[in-house]
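Only one structure is covered here, and it is reproduced in the block below.
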Amino acid sequence: PPSQRAMFNALKTRSDALSARLAALPEKPPTIDWAHYKAVVAKAGMVDEFQKKFSALKVPEPVDTQSAKIDAQEQEASKSCVEYVQASKARIAQYEQQLQKLRSMIPFEQMTLEDLHEAFPETKLDKEKYPYWPHKPIADL
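Counting in our numbering, the sequence shown runs from 4 upward without gaps.
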């Protein structure tokens with residue numbers, strides 16, 4: 004919608020910036036040269052302790068909770084699209100029948116009032132129900 008265009012553009016800008024930063028990073032992080040640090044650092048056990056802690060460190064990846072919802076919405080949308088297409092085809096068939104009826108009837112120039120009332124029953128005046136002129140309720144005129 005036009006009212007949400009600014010929000011979408013801001014989101015797209017942020018997404019593109021994050022994608023560019025992510026693409027600039029290497030696939031695997033560079034390996035740490037622990038031997039170099041052992042030679043440089045004066046305290047001997049400190050580098051070994053850092054190495055153990057670093058190898059034990061596991062950064063958990065967040066659990067994806069939204070993909071299942073999005074897939075469900077996508078399936079629901081595709082189902083509703085299929086239903087809409089089927090309903091549209093049914094309406095098209097009905098409209099084609101009406102069009103065929105209109106094409107096959109007598110031209111208006113050659114119609115009598117009886118032909119008109121036969122083709123379009125809603126135009127016939129009900130003189131039994133409304134015996135006085137205008138033969139229809141005033142609200143329907």
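Glycine included, each C-beta is placed from N, C-alpha and C at the ideal position.
For residue j and residue i, the rounded distance between their alpha carbons
i    : j    : result
I95  : V85  : 15 angstroms
Q113 : K92  : 34 angstroms
K72  : L25  : 26 angstroms
D19  : S70  : 20 angstroms
D74  : S6   : 26 angstroms
L21  : L28  : 11 angstroms
S107 : S83  : 36 angstroms
T34  : Q54  : 12 angstroms
Q89  : Q97  : 12 angstroms
A45  : L14  : 49 angstroms
D129 : T115 : 18 angstroms
L60  : M49  : 16 angstroms
E79  : L102 : 34 angstroms
Endpoints, alpha helix (DSSP H) assigned at residue i
i    : result
V3   : There is no way to answer for residue 3, as the model of the chain reaches only from 4 to 144.
A23  : 8-27
V62  : Careful: V62 lies outside any alpha helix (DSSP H) and carries neither H nor E.
D36  : First-last for D36: undefined, no H or E at that position.
E30  : Looking at the DSSP string, E30 is not in any alpha helix (DSSP H), and its letter there is neither H nor E.
K82  : 69-107
L116 : 116-122
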